[in-house]
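Undergrad: Protein sequences, first through last, are from chains A and B.
Last residue of the first sequence: 787 in the UniProt record's numbering, with the numbers rising by one and none dropped.
Last residue of the second sequence: 603 in the UniProt record's numbering, with the numbers rising by one and none dropped.
No residue lacks a Cβ here, since even glycine has one placed at the ideal position from N, Cα and C.
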Amino acid sequence: MDTAPNPRLPRRGLLALAAASGALTTLPAFTASAAPQRPANSPVSEGSSRHRLWWQAPADEHSMIEQGLPVGNGRLGALVSGDPGRELLLITDATMWTGGLNDTLDADGQFPYGRDDFGSFTLLARLTVALPDHDLSAVHGYRRTLDLAQGLLTTSYTRSGVTYRRRIFASRPDDVIVLHFTQSGGGHYTGTVVLEGTHGEDAAVSFGAALPNGLRYGAAVTTYGHGGRVTVSGSRIDFAGCRELTVVVSGGTDYAPDAAKGYRDPSLDPHRLARTKVRDAAAHSADTLLRTHVADYHDLFGRMDLSLGTSSAEQRSLDTWERLRARARDGVPDPELEAAYLHFGRYLMISGSRGSLPLALQGLWLDGNDPDWMGDYHTDINVQMNYWMADRTGLSPCFDALTDYCLAQLPSWTDTTRRLFNDPRNRYRNSTGRNAGWTVAISTNPHGGGGWWWHPAGNAWLCATLWEHYEYTGSREHLKKIYPLLKGACEFWEARLLTTTLPGTSKEVLIADSDWSPEHGPLDAKGITYAQELVWALFGSYCTAAAELRTDTGYAATVAALRRKLYLPRVSETTGWLEEWMSPDNLGETTHRHLSPLVGLFPGDRIRPDGSTPPDIVAGATALLTARGMESFGWANAWRSLCWARLKHAENAYQLVVDNLRPSTAGSNGTAPNLFDIYEAERGRGIFQIDANFGTPAAMAEMLLYSRPGHIELLPALPDAWAASGFVTGVAARGGFEVDLRWRDGRPTEVRIHSVGGRTTTVAYGEVSRTVTLRPGASVTLRDLAR
Amino acid sequence: MRSSSYSALPARTLRAVVVLALAAGVTAAVPTARADTTAPPAATTSTEVAAKPYMGWTSWTMQSSKYPGLNPKGDYSYLSEANVLKQTDAMAAKLKKFGYEYVNIDAGWWMDWSWKPRFDRYGRQQADPERFPSGMKAVADRIHAKGLKAGIYLPVGLEKGAYGDGKTPIWNAEGCTTGDIVHDDLRTTNGWDSAYKIDFSNPCAQKYIDSQARLFADWGYDFLKLDGVGPGSFKSGDNYDNVADVAAWQKAIATAGRPIHLELSWSLDHGHVEDWKKYSNGWRIDTDVECYCNTLVSWENSVDDRWDDAPAWTDHAGPGGWNDLDSLNVGNGEMDGLTKAERQSYATLWAIAKSPLFTGDDLTRLDSYGLKLLTDREVIAINQSGAPPAEPVTASDPQQVWAAKNPNGTYTVALFNLSDAPAAVTANWSTLGFKGKASVRDVWNKENLGSYSDKITQALPAHGSRLFTVTPRGTDLAWTAYEAEAGTLSGNASVADCSACSDGRKVGNLYTGGKVSVNDVVVPKAGIYQIKVAYVSGDSRSVLVSADGGGATSHKFASTGDWATVNSVHVPVKLRAGTNTITFDSGTGYAPDIDRIDVPKSS
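#1: Which chain B residues are close to A328/A, counting only those with a beta carbon under 7 Å from its beta carbon?
#2: What does A699/A reach in chain B if we use C-beta pairs closer than 9 Å?
#3: Mind checking who L318/A pairs with in its DSSP beta bridge?
#4: Take V756/A and list the residues in its own chain whose beta-carbon comes closer than 6 Å to its own, dropping the five residues that flank it on each side.
#5: Counting contacts by CB-CB distance shorter than 8 Å, is D659/A in contact with chain B?
#6: Need the endpoints of the beta strand (DSSP E) that G726/A sits in, please.
#7: Determine which residues of the region 436 to 468 of chain B have a Cβ less than 8 Å from any Cβ of chain A, and write them out in chain order.
#8: Less than 8 Å between the CB atoms is what I'm expecting for V599/B and Y511/B, so what's the real figure, rounded?
#9: Comparing alpha-carbon positions, which option in G730/A, N660/A, A681/A and L656/A lies nearest A717/A?
#10: Taking K574/B as the query, report the chain A residues whose CB atoms sit under 7 Å from its CB, ordered along the chain.
#11: Around the Cβ of G561/B, are there at least 16 other Cβ atoms within 10 angstroms (buried) or fewer (exposed)?
#12: Using a Cβ cut-off of 8 Å, pull out every chain B residue sitting near Q67/A, in sequence order please.
#13: With burial defined as no fewer than 16 other Cβ atoms inside 10 Å of the residue's Cβ, what is the status of A195/B: buried or exposed?
#14: Is it the case that the CB of L534/A approaches a heavy atom of the ligand SAH more closely than 7 Å?
#15: Consider the Cβ of L337/A: report whether some Cβ of chain B lies at a distance smaller than 8 Å.
#16: Determine, for Q344/B, whether the minimum Cβ-Cβ distance to residues of chain A falls below 8 Å.
#17: So the candidates are A247/B, T394/B and M91/B; which of them puts its Cα closest to the Cα of H272/B?
#18: Taking all protein chains shown into account, decide if G508/B is buried (16 or more other Cβ within 10 angstroms of its Cβ) or exposed.
#19: Within the continuous alpha helix (DSSP H) that includes Q183/A, where are the two ends?
#20: Spell out the partners DSSP gives I352/B in its beta bridges.
#21: For L466/A, name the three-state secondary structure that DSSP assigns.
#22: Return no unless some Cβ of chain A is closer than 8 Å to the Cβ of G587/B.
#23: If I follow the unbroken alpha helix (DSSP H) through L69/A, where does it start and stop?
#24: Do S586/B and G513/B count as a contact pair if the criterion is CB distance below 8 Å?
#25: To which residues of the same chain is V401/B closer than 6 Å at the C-beta, ignoring the five residues directly before and after it?
#26: Could you check whether the Cβ of A341/B sits closer than 8 Å to any Cβ belonging to chain A?
#27: Under the assumption that L363/B contacts L328/B (Cβ atoms under 8 Å), give the Cβ distance between them as a whole number of angstroms.
#28: If distances are taken between C-alpha atoms only, which option among N652/A, G730/A and R86/A comes closest to H754/A?
#29: Against chain B, does L324/A count as a neighbour if the rule is that its beta carbon must be under 8 Å from one of theirs?
#30: Any idea if E334/B is buried or exposed, counting beta-carbon neighbours within 10 angstroms, 16 or more meaning buried?
#31: Beta carbons nearer than 7 Å to chain B: which residues of the region 385 to 410 of chain A have them?
#32: Between which residues of its own chain and W635/A is the CB-CB distance below 6 Å, once the five residues before and five after are set aside?
#33: Give the single residue among T145/A, G151/A and R159/A whose Cα lies nearest to the Cα of G85/A.
#34: Can you list, in chain order, the stretches of the beta strand (DSSP E) that have 3 or more residues and sit fully within the region 237 to 320 of chain B?
#35: Are there 16 or more other CB atoms within 10 angstroms of the CB of P523/A, so buried, or fewer, so exposed?
#36: Helix, strand or coil for D784/A? Go by DSSP, reduced to three states.
Listed below in structure tokens is the structure:
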């Protein structure tokens, strides 16, 4: 079952040696930027109703995490209440983190995990626009809309015969959030704008301060109107009698993705920069700012589209929340809602993952300064899941934030591993006494620090995710960037692996040292399947990378030899399941949320139901997945769905998607009114975890298209609900291709394969297979696969 | 007497503790000399008592609160002559012209600052000279001088402090002493057990009540709140059955020479509603609205109880006797401890349920929004009109709609969002019994919204509301009735006799899996239908409603008060064209009994 490094990946010419060491030149997240390119004509349109979500009630201050609508420019984000009388924006910058390197271990050799030491993602500011005459109880016909195709929130309502409308968006080109208030019918706006910090700062039209960890930050707001008066009154902005009003806000920190500088850019003054940004943006009309934003946003959004079928007029007549409820109540598929859910995940990714830190547990969005699990980067499924959908849904550029993060953290991770991993108190230390390379804790922050427990295999899983992006894009630049991460992880495992002889044989194998299969069972199991699978994948990726980059030939041979000796899991004779702990016994929770021992099925590729994997392994994996059950939540459902999709069990895969679309009420598992995924941590208390918002779309995409380098499979797990007709365009396939696909009656009618660097691939549907060979940039359309 | 730990007790318990403490400490009340008179005073008014829900102010709300500065001389010390007169002046200046007239003195007028009671030589409560230095009559006179009416308060029963070893003589009752009017075993009564139960088999007992009523009439009081009355006041059983006390009070008032409105408190037993209607002018359906905390009230403790508890009482309200939802504390947001939305909802429910409208706010500190809520003439007119009280037309779910049909053919319609987050709420005209268009006036916002077809949907804030007057411009809906007992029963479900039910039967025993499916429900076209469900439920219960084997939705049905009374609400079901089956499933709990359903002939 070992396969040679894949030779089909594109080669784009020779590469300089040691490419990666010089790649670390990423700019700070919040920085002065060149004047935006402004589109000549207006791309703003009404758009398609397929891409619009709408609601008949706003959020309020206490329901922001379930009802607030997210906006973001990839770095700067906000949750928006849409409350007519009191518009509230909870503003975030992805880098607004407390804590630090956190390199003093606790007595058990593990990491502290508090908001001061490890740190926490926190709010940057709160912006309120109070309109006392527009109290929700006094307005009529309230409606707010999220246009996923344009990245635009619109709120409208009437009061005394006047129709009021506000548009809110986060612009990447102008690096600001804009609130544009208009009306028709002779109305006006009177009220106040207040910008406040959330860390004890006084309210002010702009402010700058520093967190205890030295991170400096700042924010600024400006307001301009037509008609009426706008005046700065001390800490707030008053406006009166304005026919139209524009509020522009920005802010950021002096965070820099550079370990050598302690993750700070001392030359950056966030307060001053925020003021400059809002002043520069305010030189343009709100319409100009909007057009600029939409053009930028749509560049990404428009790369992919899909239809899963047609919804009924009755379904279309319902607002998004009613529609979710009807979907769950009636059990009737709502293909347009389901497709919109996928696009909502794309909206979150475009809004939350560009040019700054990657998406954490809550992405870019918070409703307070105490997010559960610090709103951090969890490396034992969550951050990986956040990025599974990027390439699968046409958003490869959004992946870069994860790559850049790992690269920026690597010096710290390496240093910390070298100094601390073999601490005698660390139960996971290398019993070989050797230590090399890098690994991470289960939680990571942006300051180079880890939190909670060591996570030896975390390095391999991060690498697997980074590697998959390479398989999708074939980007040599990306490969060069990630090479040091791959190599350092290999060095770690080279030092860590233990040689053992399998009982009853003379066969020597390499196994992982004592570890915890996330997040159940024994804390000190050797050879856990999770580690074996991930290291096996890591070693394979590394060998391919070294060959592609024509570097480290000798070390690659060493790693290849290690890989040949790696133990791979067998099927328990007791349970019939693929083993999780190198033991025939079930040492954990049968229906545990994590599918760690199935990483070889998804996201890995080692276990394939196509005959290339021994049938008993596929059967053992299937039995384990079955035993884990269908009753889980959020990300755990999404992972299950992805595994069932890989096993071509369309209806199970679909059921788990549908389960995640169940409306969350009173904190129950499911989808909140704003489509955020909610995990019921305890009865009545739901926690927003964004991973399912990305994992579920990834599963939907995986049901429509499976790929690995050299092989593309169409509609591997198409559920009946979507079978009648549909299409998907602009999805990446591993091996360096993009695919547009149409189907009818459950069968593909037309597929266009476009090379973005890939040369040759098979394209299969059921038993039918074609081999396609293309020059980079060329395309071919196949219409006979279903026959 | 108090400790900080009391703050953790439920409000009612807290109040009981205090009253008990005061009752226990008193044995030697010194009567003050006073000119007795046997001649009743002339009646000062001939207006029929409680023809409409009364309007006014009560002292208890501020007495019960820990809001800073209200009770500087100890708990409940807000009650004083000076404060009552201050509120009287404020009411006369700000609220009188809108119909507010009663100034009601609540518990403690006969207590000193440490809550020790004072009685006259006939065992009757006597004004504490520090609280009311001018005496109760002078206060009533001052209230009357402002053109307002005066209210006073008593706990039910013979207060322990009035007993005086049984030797205290009863005024104007030759040979009667307090020992004659209680039971030999000195069994106690009322919500705090602060009084001995009165034995009305002894004629001296009526004399004692007569003597109290006469005193109040002499002083000039127009209103009496009789508190701690059972069954109710969290008490049941023979010792706490105060129906005879209430009847005696009605009788005493009739001969006292002055009309006195008799209001009963608190959480009166619904099973005795006919007694309350017979003998009194109003009855508190629920526990105190006050929170006994740092504000006057709070939403959860216990304003929001009323939406669930009022429906069972709706049919019993009318001229002469009203369902009392307790004081309406919406006049000052900061003191009230409520959001603007909560205050509007509070005022809306009280108005449409035709509860008495008496506030416990500090009338000298009403904020502008509070004044607007308390003095909205349209809202007051809805409360005081001859139309029946509103009741829920939907299930008692977090988003719910209440309505009443007015004599002029319009509807008073209130939308409520009782959830903790904003939500859209829809009033479907079919739940009012018509279809097509209707014009809508937003009562609070003074805005005619124009014409709406079939329904109106509005965004409501958390705990928010809308109050509409809806004028139908469409046509009446036609309905098809289906008896539940003709359906398919499963689990524990069984058919039971029910004299109030249509066809005299219903489906009961709908618990833990019991369900009834109403078959062959025919509609001409697919859609969401608001079906009218006639049900019986002695308490508030939920049921899972589904159609044609589809997913079920849980709906909460308000109590009908007992297991013999039928009420109806509407629930939405999605039906297909042709024949359908509608199922009511108890799931894992207990569901209401189902009498029948009516299905509109068009959606």
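TA: According to the structure data:
#1: G551
#2: By Cβ distance, chain B contributes nothing, its closest Cβ being about 22 Å from A699/A, past 9 Å.
#3: Answer is none; L318/A lacks a bridge partner.
#4: G736 and E738
#5: no
#6: S725 to A733
#7: D442, W444, N445, E447, L449, T457, Q458, A459, L460, P461, A462, G464, S465 and R466
#8: 25 Å between Cβ atoms; not a contact.
#9: L656/A
#10: D330
#11: buried
#12: A421 and P422
#13: buried
#14: As presented, the structure is devoid of all ligands, the ligand SAH included, so that no description of it is given.
#15: no
#16: yes
#17: A247/B
#18: buried
#19: Not the alpha helix (DSSP H): Q183/A falls in the beta strand (DSSP E), residues V176 to S184.
#20: Note: I352/B sits in no beta bridge, so no partner.
#21: helix
#22: no
#23: From DSSP, L69/A is part of no alpha helix (DSSP H) but of the beta strand (DSSP E) over L69 to G72.
#24: yes
#25: V393, T394, L415 and A427
#26: yes
#27: Not confirmed; about 12 Å, so no contact.
#28: G730/A
#29: no
#30: exposed
#31: none
#32: M385, D691, A692 and G695
#33: R159/A
#34: 261 to 264 and 282 to 284
#35: According to the sequence provided, residue 523/A is Leu. The question's Pro does not apply to it. It counts as exposed.
#36: coil
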